[in-house]
Amino acid sequence: MSYSTPGSPPPAAPDPNYAHQAIPVQPLPGWNSLPDTPRPPRGLSIATIVLLSVSGAYALLLAGAGLYVRSVLESGRYPDAGTADSLTPPDALMALAALIQIPLLLATAGVFITWFYLAHKTAKAFRPDTATRSSGWAIGGWFIPFGNLVIPVRVARETWEASRQLSPNGSDRPTSTAFITWWWLMWILSLLADRV
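Under this note's numbering, the first residue of the sequence shown is numbered 1233, with each subsequent residue one higher.
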């Protein structure tokens, strides 16, 4: 199909020495002007709660297994238990428990730290005036020796403050951070109890 008038000569072939240059397409102004507002990490919240619950239940089960192994060892039924030369049922029970516990703790830590980061990032997007640290501290703060005793709780307080609702007149509604303090004290106590 041709759009030229009837009887006109065909169009000339393009010059092979002339390179065809396309005009670059420019994006429309303001096409990406929306702020990058993160979504609340609800799915990760549920996964974190489930994994923390399973880890807690497994820790209780492991404590019971430890008490059982201790009673068996004190009874003298397995005098070779704990030596490198033999694998007794108490040794096998504790080895199996460790094989399950390590991947469970790694999965729980990974999901929790990811949720912690996204929760801080989301809270900071909605109330940037309350967050003084970057969201990267929600991850990195856990890996700094001795800093991991202070940085995560401060990030948690910032997230808590940024997440609270405002009064109907727009002023800050006072909320207690006692829950954060309680959570952190329980964490520190669990670290100390783990060393005993």
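Just so it is clear, CB atoms sit at the ideal spot from N, CA and C, and this is done for glycine as well.
Original post:
Out of curiosity, what's the CA-to-CA distance linking Ile1376 and Pro1311?
Top reply: What you label residue 1376 is simply residue 144 of the sequence shown in a count that begins at 1. What you label residue 1311 is simply residue 79 of the sequence shown in a count that begins at 1. Looking at the two C-alpha atoms, the distance is approximately 42 Å.
Subject >> Span of the alpha helix (DSSP H), counted from its first residue to its last, around Val1286 >> reply: If you number the sequence shown from 1, residue 1286 lands on position 54. Residues 1274 to 1307.
**OP:** Provide the residue span of the alpha helix (DSSP H) that contains Arg1271, from first to last.
**Re:** Within the sequence shown, the letter at position 39 stands for residue 1271. Element bounds for Arg1271: n/a, residue is neither H nor E.
Original post:
Pick from Ala1289, Thr1362, Gly1308: whose alpha carbon is nearest that of Arg1386?
Top reply: Position 154 of the sequence shown, counting from 1, holds the residue named residue 1386. Nearest of Ala1289, Thr1362, Gly1308 to Arg1386, Cα basis: Thr1362.
**OP:** With DSSP as the reference, label Asp1404 as helix, strand or coil.
**Re:** The residue labelled residue 1404 in the question sits at position 172 within the sequence shown. Here DSSP, grouped into helix, strand and coil, assigns Asp1404 to strand.
Original post:
Excluding sequence positions up to five away, which residues of its chain have a Cβ less than 7 Å from the Cβ of Phe1358?
Top reply: Locating residue 1358 in the sequence shown gives position 126, counting from the first residue. Ala1394, listed in sequence order.
**OP:** Report, in whole angstroms, the separation of the C-beta atoms of Gln1397 and Arg1405, which I expect to be a contact under 8 Å.
**Re:** As a first step, residue 1397 must be located in the sequence shown, where it is residue number 165. As a first step, residue 1405 must be located in the sequence shown, where it is residue number 173. Contact flag correct, Cβ pair sits at about 6 Å.
Original post:
In whole angstroms, what is the alpha-carbon distance linking Pro1322 and Val1343?
Top reply: Within the sequence shown, the letter at position 90 stands for residue 1322. Within the sequence shown, the letter at position 111 stands for residue 1343. If you take the alpha carbons of Pro1322 and Val1343, they lie about 32 Å apart.
**OP:** Express the C-alpha separation of Leu1417 and Leu1293 in angstroms, rounding to a whole number.
**Re:** Sequence index remark: in the sequence shown, residue 1293 carries index 61 (1-based). Sequence index remark: in the sequence shown, residue 1417 carries index 185 (1-based). For Leu1293 and Leu1417, the distance between alpha carbons rounds to 23 Å.
Subject >> Those residues which DSSP pairs with Leu1398 across a bridge >> reply: Along the sequence shown, read from residue 1 onward, the residue named residue 1398 stands at position 166. Asp1404, per the DSSP bridge assignment.
Original post:
Would you say Ala1327 and Leu1338 are within 9 Å of each other, going by their C-beta atoms?
Top reply: Here residue 1327 refers to the residue found at position 95 when the sequence shown is read from its first residue. Here residue 1338 refers to the residue found at position 106 when the sequence shown is read from its first residue. 9 Å or more divides the Cβ of Ala1327 from the Cβ of Leu1338.
Original post:
Where does Thr1237 sit, in a helix, a strand or coil, going by DSSP?
Top reply: By 1-based counting over the sequence shown, the position of residue 1237 is 5. Coil at Thr1237, not helix or strand.
Original post:
Under a Cβ-count criterion, where at least 16 other Cβ atoms within 10 Å of its own Cβ denotes burial, should Val1428 be classed as buried or exposed?
Top reply: Counting from one through the sequence shown, the residue named residue 1428 turns up at place 196. Under the 10 Å beta carbon count, Val1428 is surrounded by fewer than 16 other beta carbons and is classified as exposed.
Original post:
To the nearest angstrom, how far is it from the Cα of Tyr1300 to the Cα of Leu1423?
Top reply: For the purposes of this step, residue 1300 is taken as residue 68 along the sequence shown, with counting starting at 1. For the purposes of this step, residue 1423 is taken as residue 191 along the sequence shown, with counting starting at 1. If you take the alpha carbons of Tyr1300 and Leu1423, they lie about 23 Å apart.
**OP:** Determine the extent of the alpha helix (DSSP H) in which Ser1422 is found, giving its start and end residues.
**Re:** Here residue 1422 refers to the residue found at position 190 of the sequence shown. Start and end: 1410 to 1427.
Subject >> DSSP state of Leu1336 mapped onto helix, strand, coil >> reply: Position 104 of the sequence shown, counted from the start, is the residue given in the question as residue 1336. It is helical.
Subject >> Cβ pair Thr1346, Pro1273 closer than 9 Å >> reply: For the purposes of this step, residue 1346 is taken as residue 114 along the sequence shown, with counting starting at 1. For the purposes of this step, residue 1273 is taken as residue 41 along the sequence shown, with counting starting at 1. Contact: yes.
**OP:** Tell me whether Pro1384 is buried or exposed, calling it buried when 16 or more other Cβ atoms sit within 10 Å of its Cβ.
**Re:** Along the sequence shown, read from residue 1 onward, the residue named residue 1384 stands at position 152. Around the Cβ of Pro1384, a 10 Å sphere holds 16 or more other Cβ atoms; the residue is buried.
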